[in-house]
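For the sequence shown, my numbering begins at 51 and goes up steadily by one.
The beta carbon of each residue, even a glycine, is placed where N, CA and C say it ideally should be.
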Amino acid sequence: MTGSTKFATTMSRAVVTPLARLLWRPRIVGRKHVPKHGAVILASNHRSFIDSPAITLMAPRKVSFLAKQEYFTGTGVRGALSRAFFGGIGAIGVERGAGAAAQQALDLGLERLRAGEAFAIYPEGTRSLDGRLYRGRTGVAWLALTSGAPVVPVALTGTEDVQPVGSRFPKLARVTIEFGEPMDLSPFGEASSGRARRHATDAVMAAIQELSGQEPANAYNNPPSTIVERVKQVLRRDDPTQAVEPD
51 MTGSTKFATT
61 MSRAVVTPLA
71 RLLWRPRIVG
81 RKHVPKHGAV
91 ILASNHRSFI
101 DSPAITLMAP
111 RKVSFLAKQE
121 YFTGTGVRGA
131 LSRAFFGGIG
141 AIGVERGAGA
151 AAQQALDLGL
161 ERLRAGEAFA
171 IYPEGTRSLD
181 GRLYRGRTGV
191 AWLALTSGAP
201 VVPVALTGTE
211 DVQPVGSRFP
221 KLARVTIEFG
231 EPMDLSPFGE
241 ASSGRARRHA
251 TDAVMAAIQE
261 LSGQEPANAY
271 NNPPSTIVER
281 VKQVLRRDDP
291 TQAVEPD
């Protein structure tokens, strides 16, 4: 970590954390479940844009997470402030996409875990527009089984009220962050096994659902590409018996 990054991290926690606690009045449950040292994966549900800042600012230790590369490439004062803020709260800039881009993102997370750090990930892949908990992508299991790091399930409640999907500015609302007991996924098998990754991921999602109380969607969260599709997804209730795409 460079000197400038250390300074940004210190300033973010010194300034932003007290402000966030004042505005969100967070209720934090299960902080003791987050190991103070060593690699750990925080696997959370995803309700709002502010989920990552909420986790990193309220967790009992520094946490890294993936963020859009655009947050780090802006110019002028606004770009500098964006880089300072996101870098200070532990964001890692990545290009969004599937295939090679997705694997690169996982590899960056693996680097942090192998360095003994805490890394946050959203198994659903993207924010839930209708409040339900979607089926988890198996990247979380790949990271855990490859690194040997335990997984702490995390449930966020109220972040969707602070900054609803589509809202540009945060609002005043109370946030609850609950950390569950660490999970050892090694009994599920090797990272190279698709079956092991699938079953391990399902176990993580079940733990998140137990904490959050969300209705399971029994489907993957495929983000809509148009405004019309987004409105339809918000209003739709999928048939829970429908087939889901294979991994």
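Fully enclosed by the segment 172-255, which alpha helix (DSSP H) runs are 4 residues long or longer? 189-197, 209-212
Met233 to Pro203, Cα distance in whole Å? Position 183 of the sequence shown, counted from the start, is the residue given in the question as residue 233. Position 153 of the sequence shown, counted from the start, is the residue given in the question as residue 203. If you take the alpha carbons of Met233 and Pro203, they lie about 8 Å apart.
Going straight from the alpha carbon of Gly263 to that of Val84, what length do you get? Here the question's residue 263 lines up with position 213 in the sequence shown. Here the question's residue 84 lines up with position 34 in the sequence shown. Roughly 21 Å between the two C-alpha positions.
Residues sharing a beta bridge with Lys118, DSSP: The count along the sequence shown starts at 1 and reaches residue 118 at position 68. Bridge partners of Lys118: Val144.
Does the segment 218-232 come into contact with the segment 184-193, if we say contact requires no fewer than three beta-carbon pairs (one atom in each stretch) closer than 8 Å? no
So who's on the other strand from Phe169, going by DSSP bridges? Start at 1 with the first residue of the sequence shown, and residue 169 comes out as number 119. Beta-bridge pairing links Phe169 to Ile91, Ser114.
Counting only the same chain and skipping the five closest in sequence on each side, list residues whose C-beta sits under 8 Å from that of Gly129. The residue you call residue 129 lines up with position 79 of the sequence shown. Counting only Cβ-Cβ distances below 8 Å, and skipping sequence neighbours, we find Thr123.
Report the rounded CA-to-CA distance for Asp211 versus Asp180, giving the unit in angstroms. Position 161 of the sequence shown, counted from the start, is the residue given in the question as residue 211. Position 130 of the sequence shown, counted from the start, is the residue given in the question as residue 180. Approximately 13 Å, taken between the alpha carbons.
Starting from Ile78, trace the alpha helix (DSSP H) in both directions and tell me its first and last residue. Taking the first residue of the sequence shown as position 1, residue 78 is located at position 28. That residue, Ile78, is in no alpha helix (DSSP H); its beta strand (DSSP E) goes 77-79.
Looking at Ser98: is its Cβ nearer than 8 Å to the Cβ of Gln259? In the sequence shown, residue 98 corresponds to position 48, counting from 1. In the sequence shown, residue 259 corresponds to position 209, counting from 1. No; because the gap between Cβ atoms is not below 8 Å, this pair is not in contact.
Closer than 8 Å by C-beta to Pro220: which residues in its own chain qualify, once you throw out the five before and the five after it? Chain order, please. Looking up residue 220 in the sequence shown gives position 170. Excluding residues within five positions, the ones whose Cβ falls inside 8 Å are Leu73, Ile100, Val212, Gln213.
So, for Leu116: in the same chain, excluding its five sequence neighbours on each side, which residues have a beta-carbon less than 6 Å away from its beta-carbon? To locate residue 116, count along the sequence shown from 1; it is residue 66. The residues are Ile142, Val144, Ala155.
Let me check understanding here. Comparing Cα to Cα, which of Leu92, Glu174, Arg218 lies closest to Asp252? Position 202 of the sequence shown, counted from the first residue, corresponds to residue 252. Of Leu92, Glu174, Arg218, the residue nearest in Cα terms is Glu174.
When you compare only the Cα positions, how much space is there between Val284 and Arg164? By one-based count along the sequence shown, residue 284 stands at place 234. By one-based count along the sequence shown, residue 164 stands at place 114. Note on Val284: pLDDT 46, under 50, position unreliable in the model; the coordinate value appears next. Answer to the nearest angstrom: the Cα atoms are 39 Å apart.
Apply the 10 Å Cβ neighbour rule to Asn272 and answer buried if 16 or more other Cβ atoms are within range, or exposed otherwise. If you number the sequence shown from 1, residue 272 lands on position 222. Classification for Asn272: exposed.
Looking at the structure shown, is Pro85 part of a helix, part of a strand, or coil, going by DSSP? Indexing the sequence shown from 1 puts residue 85 at position 35. Correct three-state label for Pro85: coil.
What residues in its chain sit with their C-beta under 7 Å from that of Tyr184, if we drop five residues either side in the sequence? Your numbering for residue 184 matches position 134 in the sequence shown. Hits under 7 Å: Glu174, Ser178, Ala267, Ala269, Tyr270, Asn271.
Would Thr106 be called buried (16 or more neighbouring beta carbons within 10 Å of its own) or exposed? Walking along the sequence shown from the start, residue 106 turns up at place 56. Buried is the call here.
Rounded to a whole number of angstroms, what is the C-alpha to C-alpha distance between Arg359 and Thr176? Nothing about residue 359 can be reported from this structure: the residues present for the chain run from 51 to 297 only.
Just to confirm, is the Cβ distance from Ala194 to Leu131 under 8 Å? Here residue 194 refers to the residue found at position 144 when the sequence shown is read from its first residue. Here residue 131 refers to the residue found at position 81 when the sequence shown is read from its first residue. Not in contact: Ala194 and Leu131 (Cβ atoms no closer than 8 Å).
Tell me, to the nearest whole angstrom, how far the beta carbon of Leu261 is from that of Ala199; I am working on the premise that it is less than 8 Å. For this step, residue 261 is matched to residue 211 along the sequence shown. For this step, residue 199 is matched to residue 149 along the sequence shown. No, Leu261 and Ala199 are not in contact; Cβ-Cβ is about 19 Å, not under 8 Å.
Among residues of its own chain, excluding the 5 on either side of Arg75, which ones have a beta-carbon nearer than 8 Å to its beta-carbon? For this step, residue 75 is matched to residue 25 along the sequence shown. Hits under 8 Å: Arg224, Val225.
Closest by C-alpha distance to Gly140, when choosing among His249, Leu158, Thr125: Locating residue 140 in the sequence shown gives position 90, counting from the first residue. If we check each option's Cα against that of Gly140, Leu158 comes out closest.
Residue environment, Glu265, which counts as buried when at least 16 other CB atoms sit within 10 Å: Here residue 265 is taken as the residue at index 215 of the sequence shown, counted from 1. Burial call: exposed.
I'd like to confirm the pairing. Which residues does DSSP put opposite Pro266 in its beta bridges? Your numbering for residue 266 matches position 216 in the sequence shown. Answer by DSSP bridge pairing, in chain order: Leu183.
Could you give the DSSP three-state label for Phe99: helix, strand or coil? Here residue 99 is taken as the residue at index 49 of the sequence shown, counted from 1. Phe99: coil per DSSP, three-state reduction.
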